[in-house]
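> Using the UniProt record's numbering, you'd call the opening residue of the sequence shown number 1 and step up by one each time. The structure follows.
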Amino acid sequence: MRLGILKEIIQMALGSLRAHKLRSFLTLLGIMIGVMTVIGMVAIIQGLNRSVIGELESMGSDLIFVSKHEPIQMGHRSEEERQRKDLTFEDAMAIEKECPLVKAVAVDLLADLWVDIPIKYRNIKSHDALILGMNEKFPQVISVYLPEEGR
1 MRLGILKEII QMALGSLRAH KLRSFLTLLG IMIGVMTVIG MVAIIQGLNR SVIGELESMG
61 SDLIFVSKHE PIQMGHRSEE ERQRKDLTFE DAMAIEKECP LVKAVAVDLL ADLWVDIPIK
121 YRNIKSHDAL ILGMNEKFPQ VISVYLPEEG R
């Protein structure tokens, strides 16, 4: 008895699909586009995740960055944060000296981005410059290649 009902239900469904061919086709097309979109978005997100993880792993899992500012902040910095003392080169050397498990300390200094620093070479001037200074251990710690001389 149940097999007969199931057979009749399938026949009615197929008859409905045949009667409404355009509606069936558009429904099927919509489902395929939706599934492909979801698969595409998942692939993009997984690719971005791998990229970010690769970048983080290339820096090493044994690094600690010390700064007077919060690592990520939206908007203006608080008055308390702006009033914090700057970290000095002596602070970095004290960390290296006083912490025996620290292999190396890299120091970098970024010129204030809000101050216009003119750079001049002969008669050529530039005001759009980012100045970054670092000590000799920076490439070793951050795992980047820097030439010994020149550019």
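Note that beta-carbon positions come from the ideal geometry of N, C-alpha and C, so glycine has one too. From a predicted model like this one, the values you see are computed outputs, not experimental measurements.
Does residue 74 come out as helix, strand or coil in the three-state DSSP assignment?
coil
> Does DSSP put residue 117 in a helix, in a strand, or in coil?
If DSSP states are grouped into helix, strand and coil, residue 117 belongs with coil.
> For residue 69, I'd like the list of residues in its chain whose CB is within less than 7 Å of its CB, leaving aside the five on either flank, ordered along the chain.
77 and 81
> Which residues does DSSP list as the beta-bridge partners of residue 133?
Under DSSP, residue 133 takes part in a beta bridge, and its partners are 109.
> Please look up how many angstroms separate the CB atoms of residue 24 and residue 14, rounded, as I've assumed it's under 8 Å.
Between residue 14 and residue 24 the Cβ distance is about 10 Å, and since that is not below 8 Å, they are no contact.
> So the beta strand (DSSP E) residue 124 belongs to, where does it begin and stop?
124-126
> Does the pairing of the region 125-144 with the region 91-107 give three or more beta-carbon distances under 8 Å?
yes
> Specify the secondary structure class of residue 86 as computed by DSSP and reduced to three states.
Collapsing the DSSP output to three states places residue 86 in coil.
> Quick one: grab the DSSP three-state call for residue 101.
coil
> Ignore the nearest five residues each way along the sequence and tell me which others in residue 8's own chain have a CB closer than 8 Å to its CB.
none
> Take residue 156 as the anchor and find which of 89, 117, 63 and 100 has the nearest alpha-carbon.
Beyond the ends of the chain as shown, which are 1 and 151, falls residue 156; an answer cannot be given.
> With 7 Å set as the bound, which would you pick, yes or no: does the beta-carbon of residue 11 sit closer than that to a beta-carbon of chain D?
Any reference to chain D falls outside this structure, which holds one protein chain only.
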